[in-house]
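Input: a single structure, listed below in structure tokens.
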Amino acid sequence: MDVEPNRGGPDLRDAHRFAVEAARAAGRLLRRGTRGEMHARAKNDSGDLVTDLDLAAERLIVDRIRARWPEHGVIAEEGGEYAPDTTWAWLVDPLDGTNNVAIGLPAYVVGIALCERGSPVLGVVHDPVAGHTWSAVRGRGAFVHASGPVGRPLRAAHRPVPAAPVLAWTQGHEVRRDDSTARALKVVLDTTARRVLQLWAPLLSWVMLARGDIDGIVGYRPESIDLPAGVLLAVEAGMAVRALDGGTFDDRYGCPAERRSFVAGPPETIDRLVKLVTAAQWIEPQVRRLTPVGLGSVGW
């Protein structure tokens, strides 16, 4: 299935094909690079890493975007902003899962999103290891691509309401170990869910949710660069995304960290998931009192 042009903006049919191919090209670069020697360095005090592969894949995608749409803004994970446009901007996460790659774990993806005034209208996630690509266009559905630019519709199959859900957890790099809200949320999830996945590659979690492989995702102050593509993919596949208090989730890029926290899952169970995470507020005071002195350090 393909998509129709977008009136008044870039041709989304063209942008859709472009983003799928750009993500695949970056994926081929990453796939070749992970077979050889990599050079990794710490990106900041949080322990997050960047490799030469991140930089090379980002350069490939950004160069293609700037050549095709020089008037658009580009916000890239490693390189910052390029000629930012307040209306149309591309978000590029060239290697979501760098820390996995650094330890030899083949769990990583490429993420690209196109935003209009901050809100995603197009998202693409490519898995170089499996060779699969997923995409979404706002209001026109989600797609899975086996090969070629045209994908087939992706709609998560209905899952029975589980007694104990399988959930994914993601948090931002700057969240400290002594953050009482994060610790309370983790306590609630660990004691309620059948399994809590921490994949170090949030876009992989969004793909799993969109496919119906897991029952939900909880995010606390997540990184902003990959959030729009993931949210759009899940929503267009039929999932619901809410703020932690159950309110409307603001999907615009650039929101403050405290407004990026979310809970996502199937519409039929989203209210139960919201109740689950809001229960954390009742134990947060106890968690705060029990937090050992010095736990805020990101070191060993």
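Numbered per this note's numbering, the sequence shown spans residues 4 to 303.
Even for Gly, the Cβ is constructed at its ideal location relative to N, Cα and C.
Treat the numbers as computed from the prediction; the structure is a model and nothing was measured.
- For residue 35, the enclosing alpha helix (DSSP H) has its first and last residue at 15-36.
- By the Cβ neighbour-count rule, residue 201 is exposed, with fewer than 16 other Cβ atoms within 10 Å of its own.
- Restricted to the region 181-236, the alpha helix (DSSP H) segments that are unbroken, complete and at least 4 residues in length are 183-195, 205-214, listed in chain order.
- In this chain, the beta strand (DSSP E) harbouring residue 130 covers 122-130.
- By the C-beta criterion, the region 93-111 is judged to be in contact with the region 49-61, since at least 3 inter-stretch pairs fall below 8 angstroms.
- Between residue 18 and residue 157, the CB-CB gap reaches or exceeds 7 angstroms.
- In the pairwise beta carbon analysis, the region 72-92 is classified as not touching the region 200-217: fewer than three pairs are separated by under 8 angstroms.
- Straight through space, the alpha carbons of residue 71 and residue 265 are spaced by roughly 34 angstroms.
- In the structure shown, residue 68 adopts helical secondary structure according to DSSP, grouped into three states.
- Contact annotation, residue 212 with residue 237: C-beta distance approximately 5 angstroms; criterion of less than 8 angstroms satisfied.
- Here residue 56 carries a helix assignment [DSSP, helix/strand/coil].
- CA-CA distance, residue 258 to residue 214, rounds to 27 angstroms.
- Nearest in C-alpha terms to residue 73, of all of 60, 241, 93, is 93.
- For the pair residue 15 and residue 127, the CB atoms are not nearer than the 7 angstroms cut-off.
- Rounded to the nearest whole angstrom, the CA to CA distance from residue 277 to residue 247 is 6 angstroms.
- For residue 263, the three-state secondary structure derived from DSSP is coil.
- A direct Cα-to-Cα measurement between residue 29 and residue 113 gives close to 7 angstroms.
- If you ignore the 5 residues before and after residue 162, its C-beta comes within less than 6 angstroms of the C-beta of 215, all in its own chain and listed in chain order.
- In the three-state DSSP reduction, residue 270 falls in the coil class, being neither helix nor strand.
- Taking all protein chains in view, the Cβ of residue 193 is surrounded by fewer than 16 other Cβ atoms within 10 Å, so the residue is classified as exposed.
- At the C-beta level, residue 159 and residue 240 come within 7 angstroms of one another.
- Per DSSP, reduced to three states, the secondary structure at residue 157 is strand.
- Within the DSSP bridge table, the entry for residue 112 names 99 as partners.
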